[in-house]
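Here UniProt numbering is used: the first residue of the sequence shown is 1, the next is one more, and so on.
Ideal placement from N, C-alpha and C gives every residue a C-beta, glycine not left out.
These notes are about the structure you will find just below.
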Amino acid sequence: MPLTFTRREQHASYRCADCVAEQPPFDATFALADYRAPLDALAVGLKFRAQLMLAREFSRRLAHLAQDTWQEPSDCPDVIAPVPLADRRLRERGYNQAWQIARALARSLKVPANPTLVRRVIDTAPQSRLDLDARRLNVGRAFQLAGRVEGLHVGIVDDVMTTGATLEALARTLKAAGARRVTNFVALRTPKN
């Protein structure tokens, strides 16, 4: 897998133009690489072909990336949770690819993982067919908490971050319930044009 990481002397922080223009509800996002060939085939393999060993590799590299960046022990989340799938999609696929990454990531970071912390209460349309505004509307009220997060730093895991609409909706839900901080961990992110 051609994803590289290096231990950094200085901890760089980057904000995309969209995040500078409009502060997102989440506090940070770790992404291994852009979603483009040949890495996009890995995400597709995990999501649609049950190549679950890729989840362990993504999680290992995400853990290294995060640990190389963090400066304080409090930078590590208190709990890790996956972006939840709708029940119907979970039955069709047989697994949640985000949970496959999340559980291995939590093990690497030595923090608890909770696959049911957040529930998807609305079976939304697939995001891949929608523009940014439609994506935000689609997932705006799709999530509900099944556990307490007050005062916690919550790590949310997904395989791919496209527009960030799903992660924004989750972060809003978590922050409204009192989460202190929300950090996203994604294997790949769609690059901005």
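Separation of V160 and L105 (C-alpha to C-alpha, rounded to the nearest whole angstrom) is 15 Å. Our two residues, A179 and R36, have alpha carbons roughly 33 Å apart in a direct line. Between the stretch 25–45 and the stretch 173–187, the count of Cβ pairs shorter than 8 Å is three or higher; the stretches touch. The three-state reading of DSSP puts Q144 in strand, counting E and B together. According to the DSSP assignment, G94 belongs to no alpha helix (DSSP H), since it is labelled neither H nor E. In summary, P77 is buried, with 16 or more beta-carbon neighbours lying within 10 Å of its beta-carbon over all protein chains present.
When the Cα atoms are used, L117 and A176 turn out to be separated by approximately 14 Å. In the displayed model, F30 falls within a strand according to three-state DSSP. Nearest Cα to A169 within the set S59, Q97, R107 and R120: R120. Its Cα nearest to that of L145, the residue L174 stands out among L174, I122 and A165.
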